Each structure stands twice: as structure tokens, then as C-alpha cells.
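J.: My questions all concern the structure below.
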Amino acid sequence: MKIQKGDCGYISNRKKKALMGVLLMAAAGLAVFIAGLLLNKMSNRNIFSVIAVLFVLPGAKYLVRFIVAFPYHSVDKQLYTKVKEHTANKMQLYADMLITSPEKVMYLEFIAVGSKHIVALATGKKQEIQYIRKYLSDGVANWGEGYKIKILDNERSFLREIDNVEVQEVDEEEEANVKSYITSLIV
Numbered sequence: 005m006k007i008q009k010g011d012c013g014y015i016s017n018r019k020k021k022a023l024m025g026v027l028l029m030a031a032a033g034l035a036v037f038i039a040g041l042l043l044n045k046m047s048n049r050n051i052f053s054v055i056a057v058l059f060v061l062p063g064a065k066y067l068v069r070f071i072v073a074f075p076y077h078s079v080d081k082q083l084y085t086k087v088k089e090h091t092a093n094k095m096q097l098y099a100d101m102l103i104t105s106p107e108k109v110m111y112l113e114f115i116a117v118g119s120k121h122i123v124a125l126a127t128g129k130k131q132e133i134q135y136i137r138k139y140l141s142d143g144v145a146n147w148g149e150g151y152k153i154k155i156l157d158n159e160r161s162f163l164r165e166i167d168n169v170e171v172q173e174v175d176e177e178e179e180a181n182v183k184s185y186i187t188s189l190i191v
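Counting with this note's numbering, you get residues 5 to 191 for the letters of the sequence shown.
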């Protein structure tokens with residue numbers, strides 16, 4: 005089963021894939037370089053050296069992905085199941101939200117979207133709740149009107165807020181656009 009953006013375990017999966025990408029690109033580049041040396045009488049002045057250097061570009065991309073995700077961990081499966089029970093049938097739950105803006109990297113354990121509400125849990129010590137709220141509010145305003153956005157820093161108030169959301173009639177297309185925007189933010 006493929007883990008997609010917003011699924012529980014996404015960050016762990018992303019780190020593994022990024023690390024494998026770095027190792028694969030390094031091995032491929034090294035293999036091409038050595039093949040060039042062997043085919044050209046141990047001279048590094050050949051087209052194989054140029055091709056080997058080009059493997060650095062995708063390798064660097066994978067390395068950046070790994071470095072960005074390294075300090076963060078996927079949410080616990082038991083916690084995910086507990087939160088999923090609270091959101092059942094009224095909100096869409098996203099987990100392992102690693103979001104980047106031009107200024108910083110933000111980590112949200114969960115975001116629940118539905119019924120004109122966006123409720124998020126950000127428990128990290130270095131999280132700037134006001135910045136995250138403004139960043140999400142500005143983006144969501146482009147895709148939907150009247151969404152109430154709450155960013156909470158503890159699990160109990162997060163679950164209480166989700167429980168207090170009342171199901172209401174919404175424009176399906178607008179809500180789909182907001183959900184698509186939220187998933188597009190995930191690194």
C-alpha cells in the first residue's frame with residue numbers, strides 16, 4: 005500500500021525514500037565514473053566523468069528532502085486511531101503535515117478539515133502558532149470563504165475542538181479545493 009501525503013507514517017516513509025535516493029544516486033554516479041576510468045585508461049577526462057557529476061543534482065534533491073524531514077517523526081499509530089475516531093464521518097483527517105514556507109518549516113501532527121473548519125495540532129516547542137495560523141488563513145482564503153482555522157498546541161484541546169465542530173452543509177467543490185490546497189502544502 006502506497007503511503008500518500010497526509011497519511012499516518014508519511015514522514016517516516018519520506019525519510020526512507022529520500023535516503024535511498026541519495027544512496028542510489030551516489031552509487032550510480034560512482035559506478036559511471038569508475039566505468040569511465042576503466043574504459044579510458046584511468047583518465048578522468050571523459051564524458052563518463054561529466055555524466056557521473058550530473059548524478060549529483062538529483063542526489064542533492066533527495067538529500068535536501070531528507071534534511072528537511074530528519075528532525076520530525078511520524079505520529080504514533082495509536083494516537084492516529086484515537087484522533088480518527090473523533091473525526092469519523094464529519095471531517096477529513098491529515099497526519100504528518102510537514103509544511104514549508106519561504107521563512108520556515110512547520111510541523112503539524114494533525115489537520116482536520118470539514119464543515120468550514122480547519123483544526124490543527126502543533127505540539128513542537130519551536131512552533132509559532134500565530135505564524136502557522138496566518139499562513140494557513142492566507143492560503144485557505146484563496147480557495148474557500150468563511151473557514152474557521154484553529155491551531156492548538158495540546159492534544160486534549162485539539163480533540164475537544166474537533167468534537168465541538170457541528171456538521172453543516174458546505175459547497176462540495178469549495179471544500180474539495182481547500183482539501184487539495186492543504187495536501188499541496190505537504191513537503
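The beta-carbon is built from N, C-alpha and C at its ideal position, and this holds for glycine as well. Only a predicted model underlies this, so the values are computations on that prediction, with no experimental measurement involved.
Have a look at 11, 38 and 67 and flag the residue whose alpha-carbon is nearest the alpha-carbon of residue 113.
T.: Nearest option by C-alpha distance: 11.
J.: Taking the alpha-carbon positions, what's the residue 146 to residue 185 distance?
T.: Straight-line Cα distance between these residues: approximately 9 Å.
J.: Quick check: residue 73 and residue 15, are their CB atoms within less than 8 Å of each other?
T.: Result yes, Cβ atoms of residue 73 and residue 15 sit closer than 8 Å.
J.: Rank 94, 131, 174 and 71 by C-alpha distance to the C-alpha of residue 168 and give the top, closest one.
T.: When each option's Cα is compared against that of residue 168, the closest is 94.
J.: Do the stretch 79-86 and the stretch 165-184 make contact, defined as three or more Cβ pairs closer than 8 Å?
T.: Touching, no, given that fewer than three Cβ pairs across the two stretches are closer than 8 Å.
J.: Is it true that the CB of residue 148 sits closer than 8 Å to the CB of residue 178?
T.: Result yes, Cβ atoms of residue 178 and residue 148 sit closer than 8 Å.
J.: Just verifying my parser: in three-state terms, what is the DSSP assignment at residue 96?
T.: Residue 96 falls in the strand class under three-state DSSP.
J.: Go ahead and pull the three-state DSSP assignment for residue 70.
T.: Helix.
J.: Nearest by alpha-carbon distance to residue 128: which of 107, 150, 101 and 122 is it?
T.: Among 107, 150, 101 and 122, the Cα nearest to that of residue 128 is on 101.
J.: Which partner residues of residue 90 appear in the DSSP bridge assignment?
T.: Answer by DSSP bridge pairing: none, since residue 90 is not bridged.
J.: Based on Cα-Cα distance, which residue from 78, 13, 22 and 189 lies nearest to residue 106?
T.: Per the Cα distances, 189.
J.: Any idea if residue 161 is buried or exposed, counting beta-carbon neighbours within 10 angstroms, 16 or more meaning buried?
T.: Looking at its Cβ environment, which holds fewer than 16 other Cβ atoms inside 10 Å, residue 161 is exposed.
J.: Are the Cβ atoms of residue 121 and residue 152 separated by less than 8 Å?
T.: Yes; because the gap between Cβ atoms is below 8 Å, this pair is in contact.
J.: Helix, strand or coil for residue 185 per DSSP?
T.: In the structure shown, residue 185 sits in a helix (DSSP, three-state: H, G or I).
J.: Where do the N-terminal and C-terminal ends of the alpha helix (DSSP H) with residue 126 fall, by residue?
T.: Per DSSP, residue 126 belongs to no alpha helix (DSSP H) and is neither H nor E.
J.: Please report the distance separating the alpha-carbon of residue 164 from that of residue 92.
T.: Roughly 14 Å separates the two Cα atoms.
J.: With a Cβ-Cβ cutoff of 8 Å, do residue 98 and residue 115 count as a contact?
T.: For residue 98 and residue 115, yes; Cβs fall inside 8 Å.
J.: By a C-beta neighbour count over all protein chains shown, 10 Å radius and 16 as the cutoff for buried, is residue 49 buried or exposed?
T.: Looking at its Cβ environment, which holds fewer than 16 other Cβ atoms inside 10 Å, residue 49 is exposed.
J.: Which of helix, strand or coil does DSSP assign to residue 59?
T.: Three-state DSSP puts residue 59 in coil, outside helix and strand.
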